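Novice: Below: one structure in structure tokens.
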Amino acid sequence: MSIAYLNGEYLPLAEARISPLDRGFLFGDGIYEVIPYYGGKSVGLMPHLNRMADGLAAIEIKNSNTIEGWKELLDDLVARNSDIGENLGVYVHISRGTDVKRYHPYPEGVEPTVFCFCFAIKDPEPVDRTKVTQYSLVSTEDLRWQRCHIKSTALLGNVMHFQEGYSTGSDEALLYNANNEVTEGSSCNAFIVKDGVIITPIQDNQILPGITRRIIIDSIKADGSLKIEERTVTMDEVRNADELWITSSSKEIAPVTKLDGKPVGNGEVGEIWEKAFAIYSASKFDY
Ligand SMILES: Cc1ncc(COP(=O)(O)O)c(C=O)c1O
Numbered sequence: 111m112s113i114a115y116l117n118g119e120y121l122p123l124a125e126a127r128i129s130p131l132d133r134g135f136l137f138g139d140g141i142y143e144v145i146p147y148y149g150g151k152s153v154g155l156m157p158h159l160n161r162m163a164d165g166l167a168a169i170e171i172k173n174s175n176t177i178e179g180w181k182e183l184l185d186d187l188v189a190r191n192s193d194i195g196e197n198l199g200v201y202v203h204i205s206r207g208t209d210v211k212r213y214h215p216y217p218e219g220v221e222p223t224v225f226c227f228c229f230a231i232k233d234p235e236p237v238d239r240t241k242v243t244q245y246s247l248v249s250t251e252d253l254r255w256q257r258c259h260i261k262s263t264a265l266l267g268n269v270m271h272f273q274e275g276y277s278t279g280s281d282e283a284l285l286y287n288a289n290n291e292v293t294e295g296s297s298c299n300a301f302i303v304k305d306g307v308i309i310t311p312i313q314d315n316q317i318l319p320g321i322t323r324r325i326i327i328d329s330i331k332a333d334g335s336l337k338i339e340e341r342t343v344t345m346d347e348v349r350n351a352d353e354l355w356i357t358s359s360s361k362e363i364a365p366v367t368k369l370d371g372k373p374v375g376n377g378e379v380g381e382i383w384e385k386a387f388a389i390y391s392a393s394k395f396d397y
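Taking the numbering used here, the leading residue of the sequence shown gets 111, the next gets one more, and so forth.
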């Protein structure tokens with residue numbers, strides 16, 4: 111049984127309780143993170159904690175811990191959950207807290223609710239383009255809000271988009287804005303490859319500042335053997351791309367070989383994916 115952390119206490123996950131007046135429950139008024147640990151080692155822990163601090167500041171929720179304090183808490187939680195798996199995802203959720211009534215404005219004097227738990231995640235995929243899991247996506251217009259850079263617990267827009275892919279037998283939905291430009295996936299960032307160059311949409315309010323995205327960009331630039339660009343990417347470019355990838359803390363770099371029922375590139379996992387995934391895998395624990 112997973113051991114959870116709730117407001118200063120460790121307890122079995124099934125026994126964790128919050129009030130229905132918690133603003134996370136009523137309004138989705140909170141910030142969350144999902145941090146991967148493989149064999150006890152985290153990937154991107156500091157960037158995840160910094161993004162969480164930025165999100166809390168953006169919506170004016172008090173950050174009840176220092177970055178060092180968070181690190182200790184999460185490392186401790188992972189150690190307490192070693193029996194549920196070698197590889198764990200750590201979910202951290204901070205809502206604005208429980209008020210005495212349902213009322214929209216930020217209440218005074220309410221302590222944030224802090225909830226964390228661990229769940230088992232899969233082993234990393236092999237760095238082998240003949241063996242890696244291939245993804246199939248559908249594309250759809252991005253109808254979420256204008257603050258997608260905030261990792262809010264209010265995920266209904268993302269959930270509805272994910273369902274569009276899921277209900278049609280695809281693994282994810284690739285989203286594009288009113289100008290036919292790619293934003294991201296419903297739970298991941300997006301990259302294409304054209305003529306050997308890796309390209310990903312720029313970081314703005316239309317996309318989450320993905321930690322996996324950041325580690326890919328930084329590790330590829332540090333390695334120096336591949337070309338990578340951050341710029342606007344149109345759906346026409348996606349449809350003519352040699353490769354398409356989606357990235358997230360749980361998927362790492364997932365190659366997409368089918369989009370809207372049609373093959374991406376030659377329909378096989380690309381060589382650049384394999385090179386990029388090798389670079390990312392060799393350095394991911396350094397971030
Ligand atoms: C909408 C969205 N974009 C991108 C990502 C990827 O972010 P990260 O690499 O930090 O997991 C996620 C992950 O949950 C997400 O929900």
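Even for Gly, the Cβ is constructed at its ideal location relative to N, Cα and C. The structure presented is a predicted model; accordingly, all values stated were derived computationally and were not measured.
#1: Kindly indicate which residue of Asn315, Leu166, Val220, Pro234 has the alpha-carbon position closest to the one of valine 402.
#2: Under 6 angstroms from any heavy atom of ligand 1, does the C-beta of threonine 322 make it?
#3: Closest to leucine 118 by C-alpha separation, out of Ala283, Val144, Asp186, Thr250, would be which residue?
#4: When DSSP labels each residue in this structure, what does tyrosine 148 get in the three-state scheme?
#5: May I have the straight-line CA-CA distance separating lysine 331 from arginine 206, to the nearest angstrom?
#6: Give me the DSSP bridge partner(s) of aspartate 109.
#7: Is the beta carbon of asparagine 290 within less than 6 angstroms of some heavy atom of ligand 1?
#8: What does the Cβ neighbour count give for alanine 230, buried or exposed, with the cut at 16 atoms within 10 Å?
#9: DSSP puts glutamate 282 in a beta bridge; with which residues?
#10: Between Gly371, Gly375, Val374, Thr357, which lies nearest to serine 391 when the distance is taken from Cα to Cα?
#11: Using the beta-carbon count (16 or more within 10 Å), is glutamate 251 buried or exposed?
Specialist: Considering the structure as presented:
#1: The question about residue 402 has no answer, for the chain in this structure spans 111 to 397.
#2: Along the sequence shown, one-based indexing puts residue 322 at 212. Yes; taking the cut-off as 6 angstroms, the Cβ of threonine 322 has a heavy atom of ligand 1 nearer than that.
#3: Residue 118 sits at position 8 when you count from the first residue of the sequence shown. It is glycine, not leucine, that sits at residue 118 in the sequence shown. Per the Cα distances, Asp186.
#4: Position 38 of the sequence shown, counted from the first residue, corresponds to residue 148. In the structure shown, tyrosine 148 falls within a strand segment according to DSSP collapsed to helix, strand and coil.
#5: For this step, residue 331 is matched to residue 221 along the sequence shown. For this step, residue 206 is matched to residue 96 along the sequence shown. Distance from the CA of lysine 331 to the CA of arginine 206, rounded to the nearest whole angstrom, comes to 38 angstroms.
#6: Outside the modelled stretch of the chain, which goes from 111 to 397, sits residue 109, for which no answer is possible.
#7: As a working mapping, residue 290 is identified with position 180 in the sequence shown. Asparagine 290 Cβ: outside cutoff for every heavy atom of ligand 1.
#8: Working through the sequence shown from its first residue, we reach residue 230 at position 120. That one is exposed.
#9: Translated into the one-based positions of the sequence shown, residue 282 becomes position 172. Leu247.
#10: Taking the sequence shown and counting its residues from 1, the one referred to as residue 391 is at position 281. Closest in C-alpha terms to serine 391, from the list Gly371, Gly375, Val374, Thr357, comes Thr357.
#11: What you label residue 251 is simply residue 141 of the sequence shown in a count that begins at 1. Burial call: exposed.
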